[in-house]
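Asker:
Number of protein chains: 2
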Amino acid sequence: MQIENPYLLFLGDARDQLAAKTAAGIVDWRPGWCLGQLRLPGCGADLGIDDMTVAEAKAAGVRTMVIGVVNPGGTLPDHWVDVIVQALAAGLDVASGLHTRLAEFDRVREAAHAHQRQLFDVRHSDETFRVGNGVKRAGKRLLTVGTDCSVGKKYTALAIERDMRGRGFNAEFRATGQTGVLISGRGVAIDAVIADFIAGAAEWISPDNTHGHWDIVEGQGSLFHPSFAGVTLGLLHGSQPDAFVVCHEPTRQTMRNVMNPIPSIESVINATVELGRLTNPNIRCAGISVNTAALDEREARQDIERTAERLGLPACDPYRFDADPIIDEIERVFGRS
Amino acid sequence: MQIENPYLLFLGDARDQLAAKTAAGIVDWRPGWCLGQLRLPGCGADLGIDDMTVAEAKAAGVRTMVIGVVNPGGTLPDHWVDVIVQALAAGLDVASGLHTRLAEFDRVREAAHAHQRQLFDVRHSDETFRVGNGVKRAGKRLLTVGTDCSVGKKYTALAIERDMRGRGFNAEFRATGQTGVLISGRGVAIDAVIADFIAGAAEWISPDNTHGHWDIVEGQGSLFHPSFAGVTLGLLHGSQPDAFVVCHEPTRQTMRNVMNPIPSIESVINATVELGRLTNPNIRCAGISVNTAALDEREARQDIERTAERLGLPACDPYRFDADPIIDEIERVFGRS
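This is how it looks when you write it as structure tokens:
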């Protein structure tokens, strides 16, 4: 599966900026792929890029219209279907991060068939995976893990990819969630895979590669989250990371959507090493990514410094500042290639 | 979902006894539910129960025909479809442990619809689960875990249910695999659930219950199996067991279908306690189930004794002998009700 870029980002009548979070993530990390946005009357979101019709997008070279928005009712309204059918008729593929599959709508399915266009439902996986086998693959892998869900594992992986490339590493982001798939044009939403194939899907996401190549794998969930730890462990085993980075949000008190307290960074490091050893005996922590969004700059720098000192590991906020301390550590331990 | 019994066990033209392993498991554990077997010409399996036609089964009071057999080609042959349609027309439901869904066959789907009968595909789950929440539920739970896949977790759970009931406990087997679902008439094949919902499905399998009630939950995989550990962990978190029993096959050298060595019983106990604490801080090991099938009786008793001494925990082979040492421990720690 490969979603072709450049993209037209469809925002529909998104209520506000938050409803267009997926699209905003694509603009953040792949601005060059995002030629325009398509907004309907009443849209409360703005990505700060050119407004375009489907025809204008086609003329500008767009290959795929991406529905990167949460719709108010939870279903796909008729006036969205009209635009999707227009896009298919104009020769664009359509990719969607909605729960509902595009092909469930007869007009969409028929238009895709008639115009020989592809529909991508990135929350679902139509790929057939094999069961994981735990066999060591060539090339290097870094996985982002977390003290909780939604602490910045995707943004950390993307920042590490960007900064490693900036320093001459052969590094590649590997998406395991729907927004990540739209940002990189491929990958799989691993929480949508049948449970038997979690590790197998993770092995598929970061296949055998050349010596010196780094896959930077987007983590999911947390080993300490009672809803999702199974996904996290299957992803850890299948990714067989050489290095991992722990993502942490220092102001959060309880884990997302549950009552459990946030585990310590230390216990996440220990559990990840203990369990990760099964498929990579040399697994090691390469640093801490502190999500300092809730802190002012002075507090942020203080928290990062204290974390690094306490753990004796590099720490940084790779999105707000840069990922250099972590990449220094990777270079120190693994060398440049 | 509730598969109604009694059953007619359909064996088709199963090559040999091994191909009818699922049906044999049902006869082993629910002999009273199994009124007859239906064998086609060339069938090499025999469950040792009465041969019956569909009409005879209906007259005897059978409610469901169970396809408890692996078919040679991997697909459902036409002459099986004929019998399935006959069963539906006679007013039986049909339950299947095959990979292919029954409803994929037009004649089967149409017959089920025409005769208002239910089709159960126990390898698939049509239930909608919610995401797990980790909240403690009332009642007690025991989970069987293993040093590997296929070491006797289902049979251990069933033997513990049987022997606890024999001693007056209010105990109930909870199925998490296809054969277990056919043996108990309900449950879910947890490895067939979407990854996001593993823990939620496990919570659904052993819901809130009365004080003193024990759910005996069938375990899956192993925390040390690189293919399936994610499923195992989600099941552990969702089951929130008060007690667990480690199942072990002492002659096995490497884990099933992979090259990894079998972990020690000690490391399985430690990992299960460490990780299980997240949803039940009082989790404890209630004993070891040694699968002695490959040993003669003297070796079997010696191995069990050595295991119990080494670990300071009750050990037994609950299928070959009985589960008493484990139930004594449960009674000692948790009392009778």
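Taken in order, these protein sequences are the chains called A and B. Numbering-wise (my numbering), the first sequence opens with residue 1 and increments by one. Numbering-wise (my numbering), the second sequence opens with residue 1 and increments by one. All residues carry an ideal CB built from backbone N, CA and C; glycine is no exception.
For a contact meaning CB atoms closer than 9 angstroms, what does H248(B) contact in chain A?
Answerer: Residues of chain A passing the Cβ test: none, with the nearest at roughly 18 angstroms.
Asker: So is M259(A) buried or exposed if we call it buried at 16+ other beta carbons inside 10 Å?
Answerer: Exposed is the call here.
Asker: Using a Cβ cut-off of 8 angstroms (strictly closer), state whether N133(A) contacts chain B.
Answerer: Interface residue, yes.
Asker: Would you list the residues sitting across from V246(B) in a DSSP beta bridge?
Answerer: Looking at the DSSP assignment, V246(B) forms a beta bridge with V145(B) and I288(B).
Asker: On the criterion of 16 or more Cβ atoms from any shown chain inside 10 Å, does S264(B) qualify as buried, or is it exposed?
Answerer: So S264(B) ends up on the exposed side.
Asker: Along the stretch 237–261 of chain B, what residues have a CB closer than 7 angstroms to any CB found in chain A?
Answerer: Per Cβ criterion, the list reads H237, V258 and N260.
Asker: Is it the case that the stretch 125–144 of chain B contacts the stretch 237–250 of chain B, given that we only count it when at least three CB pairs across the two stretches are under 8 angstroms?
Answerer: Cβ pair count under 8 angstroms is three or more, so yes.
Asker: Can you give, in chain order, each stretch of the beta strand (DSSP E) that sits fully within the stretch 168–240 of chain B and has at least 3 residues?
Answerer: 170–174 and 213–217, all fully within the stretch 168–240 of chain B.
Asker: Can you list, in chain order, the residues of the stretch 92–110 of chain B whose Cβ is nearer than 8 angstroms to any Cβ on chain A?
Answerer: Going along the stretch 92–110 of chain B in chain order, one finds no residue with a Cβ nearer than 8 angstroms to chain A.
Asker: Check S150(B) in the structure and name its three-state DSSP category.
Answerer: Reduced to three states, the DSSP call for S150(B) is coil.
Asker: In angstroms with no decimal places, state the Cα-to-Cα distance between D328(B) and R336(B).
Answerer: So the alpha carbons of these two residues sit roughly 10 angstroms apart.
Asker: Is the stretch 36–46 of chain B close to the stretch 311–318 of chain A, with three or more CB pairs under 8 angstroms?
Answerer: No, they do not touch.
Asker: So, under 8 angstroms CB-CB, D95(B) and V54(B) are touching, yes? Tell me the CB distance rounded to an integer number of Å.
Answerer: Per the sequence presented here, residue 95(B) reads as Ala, with Asp not at that position. Not confirmed; about 15 angstroms, so no contact.
Asker: So for Q116(A), helix, strand or coil by DSSP?
Answerer: In the structure shown, Q116(A) sits in coil (DSSP, three-state: anything other than H, G, I, E or B).
Asker: Where does the unbroken beta strand (DSSP E) through R320(B) begin, and where does it stop?
Answerer: Run containing R320(B): none; DSSP gives neither H nor E here.
Asker: Look up I262(A) in the DSSP assignment and say whether it is helix, strand or coil.
Answerer: Note: I262(A) maps to coil in three-state DSSP.
Asker: Would you kindly work out how many angstroms separate the C-alpha atoms of T254(B) and I269(B), rounded to a whole number?
Answerer: One C-alpha to the other measures close to 19 angstroms.
Asker: For K136(A), does the three-state DSSP call read helix, strand or coil?
Answerer: Note: K136(A) maps to coil in three-state DSSP.
Asker: Provide the residue span of the alpha helix (DSSP H) that contains L311(A), from first to last.
Answerer: Element bounds for L311(A): E297 to L311.
Asker: In whole angstroms, what is the alpha-carbon distance linking R101(B) and L158(B)?
Answerer: Going from the Cα of R101(B) to the Cα of L158(B) covers about 27 angstroms.
Asker: Nearest-angstrom Cα distance between V83(B) and G12(B)?
Answerer: Going from the Cα of V83(B) to the Cα of G12(B) covers about 9 angstroms.
Asker: Look at the alpha carbon of L236(B) and the alpha carbon of A201(B), and state the distance between them as a whole number of angstroms.
Answerer: Computed Cα separation, rounded: 11 angstroms.
Asker: Distance, Cα to Cα, H225(B) vs G134(B)?
Answerer: Rounded to the nearest angstrom, the two C-alpha atoms are 24 angstroms apart.
Asker: Quick check: the stretch 163–171 of chain B against the stretch 169–189 of chain A, are at least 3 beta-carbon pairs closer than 8 angstroms?
Answerer: Cβ pair count under 8 angstroms is below three, so no.
Asker: May I ask you to list the residues that DSSP assigns as paired with A315(A)?
Answerer: DSSP, once it has assigned bridges, lists I288(A) as partnering A315(A).
Asker: Could one say the Cβ of T279(B) lies closer than 8 angstroms to chain A's Cβ atoms, at least one of them?
Answerer: For T279(B), the answer is yes, since a Cβ of chain A falls inside 8 angstroms of its Cβ.
Asker: Per DSSP, V94(A) is paired with what?
Answerer: Answer is M65(A) and L119(A), bridged to V94(A).
Asker: With 7 angstroms as the limit, tell me which residues of the stretch 118–130 of chain B have their beta carbon closer than that to any beta carbon of chain A; keep them in chain order.
Answerer: Result list empty, no residue passes.
Asker: Using alpha carbons as the reference points, say which of G187(A), V151(A), D208(A) and P241(A) lies closest to R174(A).
Answerer: Ranking the options by Cα distance to R174(A), first place goes to G187(A).
Asker: Identify the contact partners of L143(A) in chain B, using a Cβ-Cβ distance below 9 angstroms as the criterion.
Answerer: Within chain B, no residue comes near L143(A); the closest Cβ sits about 14 angstroms away, beyond 9 angstroms.
Asker: Whose C-beta lies closer than 6 angstroms to the C-beta of R165(A) among residues of the same chain, with five residues either side of it excluded?
Answerer: Closer than 6 angstroms at Cβ, skipping near neighbours: A171.
Asker: State the DSSP-derived secondary structure class of Q37(B), mapped to helix, strand or coil.
Answerer: Looking at Q37(B) - three-state DSSP - the assignment turns out to be strand.
Asker: Return the Cβ separation of H124(A) and A192(A) in integer angstroms, given the expectation that the two are a contact with Cβ distance under 8 angstroms.
Answerer: Their Cβ separation, rounded to whole angstroms, is 6 angstroms, which keeps H124(A) and A192(A) in contact under 8 angstroms.
Asker: What's the C-alpha gap between V85(A) and A114(B)?
Answerer: If I take the Cα positions, the gap works out to 37 angstroms.
Asker: Would DSSP call D126(A) helix, strand or coil?
Answerer: In this structure, D126(A) counts as coil in the three-state DSSP scheme.
Asker: Would you grab the beta carbon distance between I81(B) and G97(B) for me? Rounded to a whole angstrom, and I think it's under 8 angstroms.
Answerer: A small fix is needed here, since residue 81(B) is Val in this sequence, not Ile. Incorrect: roughly 16 angstroms between the Cβ atoms, too far for contact.
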